[in-house]
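Asks:
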Amino acid sequence: MSSSSHIYTCLRGRRAFVSGGASGIGLAIVERLVKEGVSVGFVDIDEDAGTMASERLGKLAHFRSCDLRDLGSLAISQKELRDVLGPFDIIVNNAARDDRTPISTVDPASWDELIATNLRHYFFAAQAAVPDMVAAGRGVIINIGSISWHVGLGGMPVYATAKAAITGLTNALARDLGPSGIRVVCVIPGAVSTPRQEELWVTPETLQEILSAQCLKERIKPEHVASMTAFLASDEAAMCTSREYHVDAGWL
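For the sequence shown, the working numbering begins at 18 and goes up steadily by one.
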């Protein structure tokens, strides 16, 4: 990989942990960080996709299969990756699942399962990395949120609740960790064109609605979110913390 591949040379040699890194936005983030020379440990529930991505990306990418609803599995996977790579400089909490759940179908079990899928692991992945970041006097925690609760998208009350809570978590962690030199930020993607979204949710009608809502009349790609993530992970964003950064094509 030539030096011309690097945009943020300050990232070269740093270490990142990324959740949900085998597909979609997460995979684009892993790919971009590897391109920047970051050693990336990533987890995903899809073992086959994660293994293939790791093999394709080469020696800077390290994968562990993990169901993030199981906090014990998360702790083991994160520790194993830390043992291989060293202390993490960057945490990217990305893994999520945007299930549509009408109000009438939500029960306590499904509520807890969706909160575990979309929110709970964000805190514990960050918590595990904090001691190393405090010792280093720096670190970046990047939480991937969603436009859904900002614009009041219907049909996903639990998902929207979890994503709104991520902004609160971001601000709380930023306040507590700032004195130790640790930045915590939230990236808000809009309607990103991923294989999952295109397969499950996008129709000609919904696509027209999306483009009508956006100021920019083009589809958002996972790489657009990855570019924002790389910037926020870099020293160029040294004074960026406790804020949301939208990659939504101006969704109004």
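Glycine is no exception: its CB is placed at the ideal position from the N, C-alpha and C atoms.
Output needed for A230: all residues of its chain with C-beta closer than 7 Å, excluding positions within five of it in sequence on either side, in chain order.
Replies: Contacts found: W268 and L269.
Asks: If we call anything under 8 Å between Cβ atoms a contact, is A254 one with R49?
Replies: Their beta carbons are not under 8 Å apart, which means A254 does not touch R49 by this criterion.
Asks: Give the secondary structure of W268 by DSSP, where H, G and I count as helix, E and B as strand, and everything else as coil.
Replies: Three-state result, W268: strand.
Asks: In its own chain, which residues sit with a C-beta less than 8 Å from the C-beta of I164, not counting the 5 before and 5 after it?
Replies: Taken in chain order, the residues that qualify are L170, I205, P206, G207, A208, H263, D265 and W268.
Asks: Take A133 and list the residues in its own chain whose beta-carbon comes closer than 7 Å to its own, dropping the five residues that flank it on each side.
Replies: Taken in chain order, the residues that qualify are R86.
Asks: With DSSP as the reference, label V35 as helix, strand or coil.
Replies: Strand.
Asks: Shortest alpha-carbon distance to Y139 belongs to which of V55, A189 and L77?
Replies: The option with the nearest alpha carbon to Y139 is A189.
Asks: Consult DSSP for R81 and reduce its assignment to one of helix, strand or coil.
Replies: Residue state, collapsed to three classes: strand.
Asks: Could you check where the alpha helix (DSSP H) with D129 kicks off and where it finishes?
Replies: Its alpha helix (DSSP H) spans residues P125 to I132.
Asks: To the nearest angstrom, how far is it from the Cα of H141 to the Cα of S71?
Replies: For clarity, residue 141 is Phe in the given sequence; the question names His instead. In a straight line, the C-alpha of F141 is about 24 Å away from that of S71.
Asks: With 16 other CB atoms within 10 Å as the buried threshold, where does G89 fall?
Replies: Looking at its Cβ environment, which holds fewer than 16 other Cβ atoms inside 10 Å, G89 is exposed.
Asks: What's the gap between the Cα of D100 and the Cα of A152?
Replies: Taking the straight line joining both Cα atoms gives about 17 Å.
Asks: Among G162, A191, L131 and T246, which one has its Cα closest to the Cα of V147?
Replies: Selected option, being the one with the closest Cα: A191.
Asks: Quick check on this structure: which residue in D116, S94, F34 and D252 has the alpha carbon closest to the alpha carbon of G198?
Replies: The shortest Cα separation from G198 among D116, S94, F34 and D252 belongs to D252.
Asks: When you compare each of W128, L102 and I161 to I46 by their alpha carbons, which one comes out closest?
Replies: When only C-alpha atoms are compared, the closest one is I161.
Asks: Count the other CB atoms within 10 Å of the CB of S36; is the residue buried (16 or more) or exposed (fewer)?
Replies: Flag for S36 reads buried.
Asks: Quick one: is L217 buried, meaning 16 or more other Cβ sit within 10 Å of its Cβ, or exposed?
Replies: L217 comes out exposed.
Asks: From the DSSP output, in three-state form, read off S210 for me.
Replies: Coil at S210, not helix or strand.
Asks: Determine the DSSP secondary structure at R114, reduced to helix, strand or coil.
Replies: The answer is coil: DSSP assigns R114 none of H, G, I, E or B.
Asks: Helix, strand or coil for M256? Go by DSSP, reduced to three states.
Replies: If DSSP states are grouped into helix, strand and coil, M256 belongs with coil.
Asks: Is it the case that the Cβ atoms of L28 and V51 are separated by a distance below 8 Å?
Replies: No, Cβ-Cβ distance for L28 and V51 is not below 8 Å.
Asks: If I'm right that G58 touches L102 with Cβ under 8 Å, what's the distance once you round it to whole angstroms?
Replies: The pair is a contact, with the Cβ atoms about 5 Å apart (cut-off 8 Å).
Asks: Taking the alpha carbon of A250 as the point to measure from, which residue in L91, G41, N110 and A92 has its own alpha carbon closest?
Replies: The option with the nearest alpha carbon to A250 is N110.
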